[in-house]
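Read in order, the letters of the sequence shown are residues 1 to 339 in my numbering.
Okay, structure first, notes after.
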Amino acid sequence: MKYLVTGAAGFIGSNFVYHMLEKHKGDLIVGIDNLSYAGNIKNLGEAEKNSNFIFRKADITDEKGMAAIFEEFGFDYVINFAAQTHVDRSIDDPGIFVRTNVIGTQILLDLARKHNIKRFHQIGTDEVYGDLPLEATDSFFVETLPLKTSSPYSASKAASDLLALSYNRTFGLSVTVSRCSNNYGPFQFPEKFIPLMLINAMNDKHLPVYGDGMNVRDWLYVEDHCEAVDLILHNGRDGEIYNIGGHNEMHNIDIVKLILKELGKPESLISYVKDRKGHDLRYAIDPTKIHNELGWLPKTKFADGIKSTIRWYVDNKEWWEEIVSGEFREYYKKMYGDL
Ligand code: NAD
Ligand code: TYD
1 MKYLVTGAAG
11 FIGSNFVYHM
21 LEKHKGDLIV
31 GIDNLSYAGN
41 IKNLGEAEKN
51 SNFIFRKADI
61 TDEKGMAAIF
71 EEFGFDYVIN
81 FAAQTHVDRS
91 IDDPGIFVRT
101 NVIGTQILLD
111 LARKHNIKRF
121 HQIGTDEVYG
131 DLPLEATDSF
141 FVETLPLKTS
151 SPYSASKAAS
161 DLLALSYNRT
171 FGLSVTVSRC
181 SNNYGPFQFP
191 EKFIPLMLIN
201 AMNDKHLPVY
211 GDGMNVRDWL
221 YVEDHCEAVD
231 LILHNGRDGE
241 IYNIGGHNEM
251 HNIDIVKLIL
261 KELGKPESLI
271 SYVKDRKGHD
281 LRYAIDPTKI
291 HNELGWLPKT
301 KFADGIKSTI
311 RWYVDNKEWW
321 EEIVSGEFRE
331 YYKKMYGDL
């Protein structure tokens, strides 16, 4: 089998490449990425030693370039991770989110259709459901909820999910969509909450907590997400959406305190800063469908996953130091001032 993994040099994409090389030995995994600010070829360092992996620098919005890659390989499966992914950046500059997430997905879908592939899997996000009230702790995201997006990021992701599903209904392309909760683990870009807090704590810098820190996210270890996507890709039903999450809701501030404790740093490093515009209050996935239909359950407990993630960032200083000393400094200053 031949798989195309887009966004392969990003956080989840690179973890998925390693998952596939391990679980589908003998199959060919082709990873593409335009190596935007969030894509890092070093994330694929070990994969590039494997003869079943090929990397190509390519942009999903480049129709000709992508067409040539489809011609060359004749893929059986496409898994689309490539996206602009950070909510705060989408508030600053929505245009690139629409171009990448919507137009890029449409280009991939047209090529998938032309080449008659076995299945196209679209990586979606739970953020398309909007948010849940903080106090209604018995309410969860189910697949049948109407979409109610808050940020340009989530709106562009909702559009790409719907486009993918429309190619199933209208053209009969085999499509599945998954909507996962917040991931954490190795190779996550330092703009995101957990790596940002970890790196700042290690550097004795202030930890910028938006608002009062009481917003809730439902955290899933990245390898559990990869397993779920692999299952849906091969065993999920055509034209279906599957939510992925493991009932692990946490207030942001509790994660910050846990990180500080693990690293032996004082809580005086916490700094409450201006809230994000339109900040979603609470995300919480109901994973009943994927559990009942495909038997998926997360394997990593948060207490273990967060410890190994902290260890990874402690052990891989050179990986993140290179990032935070580059153009990231300008982004950081724009977002957080002199904090
Ligand atoms: P990421 O930003 O680390 O990775 C995205 C990758 O896509 C990067 O390597 C980037 O260079 C690449 N990319 C961007 N534009 C591209 C283009 N035009 N052509 C080719 N490649 C391009 O993000 P991530 O966290 O790994 O997210 C991957 C996918 O998972 C996204 O679709 C995201 O919406 C989804 N998702 C993420 C989470 C999470 O918690 N991180 C949760 C649910 C869903
Ligand atoms: P993030 O990693 O951006 O994921 P998302 O907003 O897509 O869920 O943020 C996770 C949570 O952490 C979210 O409630 C916003 C909050 N947050 C902060 O408090 N401070 C920060 O500097 C960042 C980046 C996020």
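Note that beta-carbon positions come from the ideal geometry of N, C-alpha and C, so glycine has one too.
The structure presented is a predicted model; accordingly, all values stated were derived computationally and were not measured.
Asked, Found
"What does glutamate 240 pair with, by DSSP beta-bridge criteria?", "Thr176"
"What is the rounded straight-line gap between the Cα of valine 314 and the Cα of methionine 197?", "13 Å"
"Apart from the five residues just before and just after tryptophan 320, which ones in its own chain have a Cβ nearer than 6 Å to its Cβ?", "Pro190, Ile199"
"Please find out if some non-hydrogen atom of the ligand NAD comes closer than 7 Å to the beta-carbon of alanine 201.", "no"
"What span of residues does the beta strand (DSSP E) with asparagine 50 cover, start to end?", "From DSSP, asparagine 50 is part of no beta strand (DSSP E); its letter is neither H nor E."
"What is the DSSP secondary structure of serine 90, reduced to helix, strand or coil?", "helix"
"Can you check which of these residues, Leu44, Gln84, Trp296, Ile232, is closest to valine 78 by C-alpha distance?", "Ile232"
"Quick one: measure Cβ to Cβ for glycine 26 and asparagine 50, integer angstroms, because I've assumed they're closer than 8 Å.", "Contact doesn't hold; Cβ gap of about 11 Å is too wide."
"Once DSSP output is grouped into helix, strand and coil, what is the label at glycine 124?", "strand"
"Can we count cysteine 180 as close to the ligand NAD, meaning its CB is less than 7 Å from some heavy atom?", "yes"
"On the CB-based measure, 16 or more other CB atoms within 10 Å of its CB, does glutamate 71 come out buried or exposed?", "exposed"
"Count Cβ pairs between the stretch 154 to 163 and the stretch 213 to 220 that sit closer than 8 Å; are there 3 or more?", "no"
"Reducing DSSP to helix, strand and coil, say where arginine 329 ends up.", "helix"
"With lysine 2 as the anchor, note down where its alpha helix (DSSP H) starts and where it stops.", "That residue, lysine 2, is in no alpha helix (DSSP H); its beta strand (DSSP E) goes 2 to 6."
"Below 8 Å between beta carbons: does that hold for leucine 339 and proline 208?", "yes"
"Using the Cβ count rule (16 or more neighbours within 10 Å means buried), how would you classify glutamate 46?", "exposed"
"Taking the alpha carbon of lysine 64 as the point to measure from, which residue in Ile29, Gly10, Ile107 has its own alpha carbon closest?", "Ile107"
"Taking only three categories from DSSP, how would you classify tyrosine 37?", "coil"
"Roughly how many whole angstroms lie between the Cα atoms of lysine 205 and leucine 297?", "37 Å"
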